[in-house]
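K.L.:
With numbering that gives the first Met the number 0 applied, the sequence shown corresponds to residues 0 to 392, in that order.
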Amino acid sequence: MLNINKNFLKLKENYLFSDIAKKVKEYSKENPDKKIIKLGIGDVTLPLTKSTIEALNKAVIDMSKTETFKGYGPEQGYDFLRDSISKYYNKFGVKLDTNEIFIGDGAKSDISNITDLFDKRNIVLVPDPVYPVYVDTNIINGRKIKYIDSTSKNDFLPMPNKKQKCDIIYLCSPNNPTGSVYNKKQLEEWVEYALINKAIILYDSAYHSYISQKGLPRSIYEVKNAEKCAIEFCSLSKSAGFTGLRLGYTIVPNKLIFKDINLNKLWFRRQSTKFNGVSYVVQKAAEVVFTKKGQNECKAMIEYYMNNAEIITEVLKSKNIEYTGGINSPYIWLKCPNSMKSWEFFDYLLHEANIVGTPGSGFGKNGEGYFRLTGFNSEENTKEAAQRLNNIL
Ligand code: PLP
């Protein structure tokens, strides 16, 4: 008889977003005249940029003609896109060979799939609170997870404990949900720790385009020797509005060698076996994102969301509410006022201001008493929400 992977049964039911939806639905039913504003959104809301749409249209035409039609492409992505990404990294001093860049259908898949390369016995280190995919993937694989506290005491930027042993380390900067960002010195410490432990850092930089302050690293490879101990995951979802189009990329340096095994070759083998590549049309759209024009358009999009984030943080500041994020990240992580618990504050905001956010407790035990808001709604709605927050906080 078939045996199933019972690790799936160990996963916590993900009640967070369904519970939020249920509560909002009930409230709307009882109060049909109220306008609810969603500030919990973790998805982009602006349409794709002009040049992305033009590139998509052009690529569709390519597919309509025998001479330019494309069937299966290279599993690891077309060179035109990998070269554009390599040049983009050059701008912040990171040199990448084209073969170190693997195009995928989004960061979420690659962050999960990468664990195919690692033995079950490895010990995994995960910050708490965290983007839930890191935890769930390792539970499914049956790995042991150790948590490191990410709290206001360390500005939500946990640092390595030299006495603690581990093999796989997850870092996310700018962070979802806390909006905090590691500086170069802090990343140097993590790289040093990983090298000493012969561990790997899985570095999620999905929000690196939101970094506005000078001197903060946009890639872990800005740190010396990171290419010997880190894999970086990135995505066009939040930087170019590709959440619905789907494209991400993973950087696996050639220098990543553990026990004489080259991880770049292993990941290439894994992708060639289990993945047939991202569509030509989407890769053509992604290519223009890395042009000067494309970058300017994306910058304007990001500025729009960051302006919304600022509208929210201005209110929090005026009310002396503790928060992180909102400067180099679209996420704002605030301490619930009057020692309220995360869900208590959720209900308070929903009922008193008709605003929906995300309870911090849904991201880990250290998220209790915290709340996540985002800049992803429209400017008009964000301004109205800020007014309402100002009235009730
Ligand atoms: N990493 C983080 C920290 C995220 O917040 C998200 C999406 O919200 C992802 C990765 C996944 O991005 P993608 O849409 O590329 O799968």
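All residues carry an ideal CB built from backbone N, CA and C; glycine is no exception.
Keep in mind it's a predicted model, so treat the numbers as computed, not measured.
1) Strictly by DSSP, which residues pair up with D203?
2) What is the DSSP secondary structure of Y146, reduced to helix, strand or coil?
3) Quick check on the burial criterion: 16 or more other C-beta atoms within 10 angstroms. Buried or exposed for I19?
4) In the DSSP assignment, what are the bridge partners of Y322?
5) When you measure from the CB of C297 to every non-hydrogen atom of the ligand PLP, does any distance come out below 7 Å?
6) Report the three-state DSSP secondary structure of R120 (helix, strand or coil).
7) Straight-line CA distance for E191 to F68?
8) Taking three-plus beta-carbon pairs below 8 Å as touching, is the segment 201-211 in contact with the segment 136-148?
9) Note down, in chain order, each residue of its chain lying with its Cβ closer than 8 Å to the Cβ of Y279, except the 5 sequence neighbours on either side.
10) Per DSSP, what are the beta-bridge partners of L404 in this structure?
11) When you compare the CB positions of L244 and V281, do they come within less than 8 Å of one another, or not?
12) Determine the DSSP secondary structure at L186, reduced to helix, strand or coil.
13) Please report the distance separating the alpha-carbon of K273 from that of K340.
14) With a threshold of 7 Å, establish whether the CB of K264 neighbours any heavy atom of the ligand PLP.
15) Is S149 near the ligand PLP, going by C-beta to nearest heavy atom under 7 Å?
16) How long is the line joining the alpha carbons of L45 and K162, rounded to whole angstroms?
17) With the cut-off set at 8 Å, would you say A198 and I167 are in Cβ contact?
18) Please classify F241 as buried or exposed, where buried requires at least 16 other C-beta atoms within 10 Å of its C-beta.
19) Is Y169 closer than 8 Å to L194 when the C-beta atoms are compared?
20) Does the Cβ-Cβ distance between V355 and K107 come in under 8 Å?
21) Report back the beta-carbon spacing between E378 and N307 to the nearest angstrom; my notes put them in contact at under 8 Å.
22) Rounded to a whole number of angstroms, what is the C-alpha to C-alpha distance between Y322 and K21?
23) Exposed or buried, L8, counting other C-beta atoms within 10 Å across all chains shown (16 or more means buried)?
24) Please indicate yes or no: does the CB of T44 lie closer than 7 Å to some heavy atom of the ligand PLP?
25) Can you find a heavy atom of the ligand PLP that lies under 7 Å from the Cβ of A285?
26) For D115, collect the residues of the same chain with a Cβ closer than 6 Å to its Cβ; drop the 5 residues on either side in sequence, then sort them by chain order.
27) Give me whichever residues DSSP pairs with L372 in a beta bridge.
28) Answer with buried or exposed for N182, where buried requires no fewer than 16 other C-beta atoms within 10 angstroms of its C-beta.
29) Per DSSP, what kind of secondary structure is K33 in: helix, strand or coil?
30) Return the CA-CA distance between C228 and N196, expressed in angstroms with no decimal places.
31) How big is the Cα-Cα spacing for R81 and L47?
32) Is the beta carbon of T242 within less than 7 Å of some heavy atom of the ligand PLP?
33) Leaving aside the five residues before and after S338 along the sequence, list all residues of the same chain whose C-beta is less than 8 Å from its C-beta, in chain order.
34) Measuring straight from C-alpha to C-alpha, what distance separates S27 and A352?
35) Suppose the cutoff is 6 Å on Cβ atoms and the five residues either side in sequence are ignored; what does the same chain contact list for F345 look like?
36) Tell me which residue opens and which closes the beta strand (DSSP E) that F443 is part of.
P.N.:
If we stick to the structure as given:
1) The partner list for D203 (beta bridge, DSSP) reads C171, F232.
2) Three-state DSSP puts Y146 in a strand.
3) Buried is the call here.
4) Paired residue(s): L333.
5) In this structure, C297 has its CB at a distance of at least 7 Å from all heavy atoms of the ligand PLP.
6) In the displayed model, R120 falls within coil according to three-state DSSP, outside both helix and strand.
7) Going by the C-alpha atoms only, they are around 48 Å apart.
8) The segment 201-211 is not in contact with the segment 136-148.
9) The beta carbon of Y279 is closer than 8 Å to those of A58, D61, M62, K69, G72, Y77 in its chain, skipping five residues each way along the sequence.
10) The chain is shown from 0 up to 392; residue 404 falls before or after that span and cannot be answered.
11) Yes; because the gap between Cβ atoms is below 8 Å, this pair is in contact.
12) Secondary structure of L186 (DSSP, three-state): helix.
13) Those two C-alpha atoms are separated by around 43 Å.
14) Result no, Cβ not under 7 Å from the ligand PLP.
15) No, the Cβ of S149 stays beyond 7 Å of every heavy atom of the ligand PLP.
16) In a straight line, the C-alpha of L45 is about 46 Å away from that of K162.
17) Going by C-beta atoms, A198 is nearer than 8 Å to I167.
18) The residue is buried, with at least 16 neighbouring Cβ atoms inside 10 Å.
19) No, Cβ-Cβ distance for L194 and Y169 is not below 8 Å.
20) At the C-beta level, V355 and K107 stay beyond 8 Å of one another.
21) So it is a contact: roughly 6 Å between Cβ atoms.
22) Cα to Cα, the separation comes out at about 27 Å.
23) Exposed, because fewer than 16 other Cβ atoms sit within 10 Å of the Cβ of L8.
24) Taking the Cβ of T44 as the reference point, every heavy atom of the ligand PLP lies at 7 Å or farther away.
25) Every heavy atom of the ligand PLP is 7 Å or more from the Cβ of A285, so no.
26) Sequence-distant Cβ neighbours of D115 in its own chain, meaning closer than 6 Å and more than five residues away, are R269.
27) The beta-bridge partner set that DSSP reports for L372 consists of I331.
28) Under this definition N182 is an exposed residue.
29) DSSP, read as helix, strand or coil, puts K33 in coil.
30) Going from the Cα of C228 to the Cα of N196 covers about 10 Å.
31) Taking the straight line joining both Cα atoms gives about 21 Å.
32) For T242, the Cβ falls inside the 7 Å cut-off from some heavy atom of the ligand PLP.
33) Result list for S338: G368, in chain order.
34) Cα to Cα, the separation comes out at about 13 Å.
35) In its chain, beyond the 5 residues on either side, P358 have a beta carbon closer than 6 Å to the beta carbon of F345.
36) Outside the shown range of the chain, which is 0 to 392, sits residue 443, and nothing can be said about it.
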